[in-house]
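*Asks:*
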Amino acid sequence: MNAEKPLLDQVAVVTGASRGIGRAIAVDFARAGADIVVSARTTEAAPADLPGTIDETARLVEAEGRRALAVACDVSKEDQVAALAEKTLAAFGRCDVLVNNAGISSPAPFQATPLKRWDLVMNVNLRGPVMCMQAFLPSMTERQSGAIINVSSMLAEAVYPGMVSYSVSKIALEKLTVYTGMELKEHGIAVNALRIELMIASEGWLYRNPGADLSRWEKPEAASEASLWMATQPREWTGNVVTIGDVREKLAGR
Numbered sequence: 047m048n049a050e051k052p053l054l055d056q057v058a059v060v061t062g063a064s065r066g067i068g069r070a071i072a073v074d075f076a077r078a079g080a081d082i083v084v085s086a087r088t089t090e091a092a093p094a095d096l097p098g099t100i101d102e103t104a105r106l107v108e109a110e111g112r113r114a115l116a117v118a119c120d121v122s123k124e125d126q127v128a129a130l131a132e133k134t135l136a137a138f139g140r141c142d143v144l145v146n147n148a149g150i151s152s153p154a155p156f157q158a159t160p161l162k163r164w165d166l167v168m169n170v171n172l173r174g175p176v177m178c179m180q181a182f183l184p185s186m187t188e189r190q191s192g193a194i195i196n197v198s199s200m201l202a203e204a205v206y207p208g209m210v211s212y213s214v215s216k217i218a219l220e221k222l223t224v225y226t227g228m229e230l231k232e233h234g235i236a237v238n239a240l241r242i243e244l245m246i247a248s249e250g251w252l253y254r255n256p257g258a259d260l261s262r263w264e265k266p267e268a269a270s271e272a273s274l275w276m277a278t279q280p281r282e283w284t285g286n287v288v289t290i291g292d293v294r295e296k297l298a299g300r
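Numbering (the numbering used here), first residue to last: 47 to 300.
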């Protein structure tokens with residue numbers, strides 16, 4: 047492994063990469079030597095209210111001297127996930143690292159949550175990673191190598207008013223990680239989850255909370271640093287759920 051470029055010439059697919067944690071992961075992985083497939087719904091041709099697009103993230107990747115492919119994808123749509131995998135393999139021939147970062151929340155008390163909103167959260171936060179994994183696993187299995195990082199949250203365990211659908215989706219994602227990590231180990235594929243236990247001030251959060259006190263908040267790079275460490279571990283290290291704090295302790299002890 048190249049110490050300065052631990053992901054040199056690898057290909058990473060990052061969902062939810064138009065802003066925030068996903069963008070930070072894409073840029074840090076590029077800095078570590080990877081070519082990046084930048085995926086999310088928001089493009090310059092189809093902007094959202096929040097700042098950030100996959101086109102902007104792709105340019106940041108290219109500024110690090112790596113190739114970038116921006117692919118618009120709603121991970122709750124099976125045909126779009128299939129197209130994401132097809133375009134990735136057509137452009138790069140493989141996917142070495144898949145980061146399932148795309149996610150949404152729909153805060154509301156359980157009894158006030160319409161089934162339609164519940165399904166949307168599950169489709170993006172749980173079914174989306176399932177479909178992405180199934181789309182890329184054939185090529186990873188063929189090569190007997192790959193790493194999958196599922197981005198989870200402290201709300202997988204913590205209880206917070208109005209966050210029941212999000213919390214359920216994340217604890218299910220972690221259980222998915224443990225099971226698939228066990229099943230795919232024999233194929234040289236590692237599956238691990240990053241449980242983000244810190245408060246991250248992403249562009250979206252800052253947009254909604256201008257002038258907020260950020261003294262207790264971390265930047266998205268806290269999550270990308272942990273993700274990079276996870277992506278560079280031996281493939282035998284699999285089926286784990288770790289926090290940013292866990293990774294920082296490991297980095298401090300290296």
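For every residue, glycine included, the Cβ atom is placed at its ideal position computed from N, Cα and C.
Let's see if you can read the secondary structure: which residues bound the alpha helix (DSSP H) around Arg379?
*Replies:* Residue 379 is absent from the structure shown; the chain starts at 47 and stops at 300.
*Asks:* Mind reading off the beta-carbon distance from Thr61 to Asn146? Whole number of angstroms is fine, and I expect it under 8 Å.
*Replies:* That pair is a contact at about 6 Å.
*Asks:* Out of Ser211, Ser198 and Asp95, state which residue places its alpha-carbon closest to the alpha-carbon of Val237.
*Replies:* Residue Ser198 is the option with its Cα nearest to Val237.
*Asks:* Going by the DSSP bridge assignment, what does Thr289 pair with across the sheet?
*Replies:* For Thr289, which the question treats as bridged, DSSP gives the partners Arg241.
*Asks:* Am I right that Ala277 and Ile246 are in contact with their C-beta atoms under 8 Å? What's the rounded C-beta distance?
*Replies:* In fact, because the Cβ distance is near 19 Å, the residues do not count as touching under 8 Å.
*Asks:* According to DSSP, Asn196 sits in a beta bridge with which residue or residues?
*Replies:* According to DSSP, Asn196 bridges with Asn146 and Ala239.
*Asks:* Thinking C-alpha only, which one of Asn286, Ala298, Leu274 and Gly285 is nearest Glu50?
*Replies:* Nearest option by C-alpha distance: Leu274.
*Asks:* Less than 8 Å separating the beta-carbons of Val167 and Tyr206?
*Replies:* Going by C-beta atoms, Val167 is not nearer than 8 Å to Tyr206.
*Asks:* On the DSSP letters alone, give me the boundaries of the beta strand (DSSP E) that Leu115 sits inside.
*Replies:* Residues Ala114 to Ala118.
*Asks:* Exposed or buried, which one is Asp142 when buried takes at least 16 other CB atoms within 10 Å?
*Replies:* Result: buried.
*Asks:* Using a threshold of 8 Å, state whether the C-beta atoms of Leu219 and Pro153 are closer than that.
*Replies:* No. Outside cutoff.
*Asks:* What residues are listed by DSSP as bridge partners for Glu264?
*Replies:* The partner list for Glu264 (beta bridge, DSSP) reads Ile246.
*Asks:* Between the Cα of Val59 and the Cα atoms of Ala116, Lys216, Asn48 and Glu108, which residue gives the shortest distance?
*Replies:* Comparing Cα-Cα distances from Val59 to each of Ala116, Lys216, Asn48 and Glu108, the minimum goes to Ala116.
*Asks:* What does a CB cutoff of less than 8 Å around Arg262 pick up in its chain, not counting 5 residues either side in sequence?
*Replies:* Answer for Arg262: Met245, listed in chain order.
*Asks:* Based on the DSSP output, what are the partners of Ser85 in its beta bridges?
*Replies:* DSSP output for Ser85 lists Thr61 and Val117 as bridge partner(s).
*Asks:* Would you report the Cα separation of Asp55 and Leu161, rounded to the nearest angstrom?
*Replies:* Answer to the nearest angstrom: the Cα atoms are 44 Å apart.
*Asks:* Pro280: buried (16+ other C-beta within 10 angstroms of its C-beta) or exposed?
*Replies:* Exposed: under 16 other Cβ atoms inside 10 Å.
*Asks:* Flag this pair as yes or no: are the beta carbons of Asp101 and Phe138 separated by less than 8 Å?
*Replies:* Not a contact, by the Cβ cut-off of 8 Å.
*Asks:* Whose C-beta lies closer than 6 Å to the C-beta of Lys10 among residues of the same chain, with five residues either side of it excluded?
*Replies:* Any question about residue 10 goes unanswered here, given that the chain covers just 47 to 300.
*Asks:* Just the C-alpha distance for Val84 and Lys123, rounded to the nearest angstrom, thanks.
*Replies:* If I take the Cα positions, the gap works out to 17 Å.
*Asks:* Below 8 Å CB to CB, which residues in the same chain sit around Asn48 once its five sequence neighbours on both sides are set aside?
*Replies:* Counting only Cβ-Cβ distances below 8 Å, and skipping sequence neighbours, we find Leu54 and Gly79.
*Asks:* Distance check for Cys119 and Gly98, CA to CA, integer angstroms please.
*Replies:* If I take the Cα positions, the gap works out to 15 Å.
*Asks:* Tell me the residue span of the alpha helix (DSSP H) that contains Ser185.
*Replies:* Residues Gly174 to Arg189.
*Asks:* Determine the DSSP secondary structure at Trp283, reduced to helix, strand or coil.
*Replies:* Looking at Trp283 - three-state DSSP - the assignment turns out to be coil, as it is neither helix nor strand.
*Asks:* Where does Lys123 sit, in a helix, a strand or coil, going by DSSP?
*Replies:* Three-state result, Lys123: coil.
*Asks:* Is Arg140 helix, strand or coil when you go by DSSP?
*Replies:* Three-state DSSP puts Arg140 in coil, outside helix and strand.
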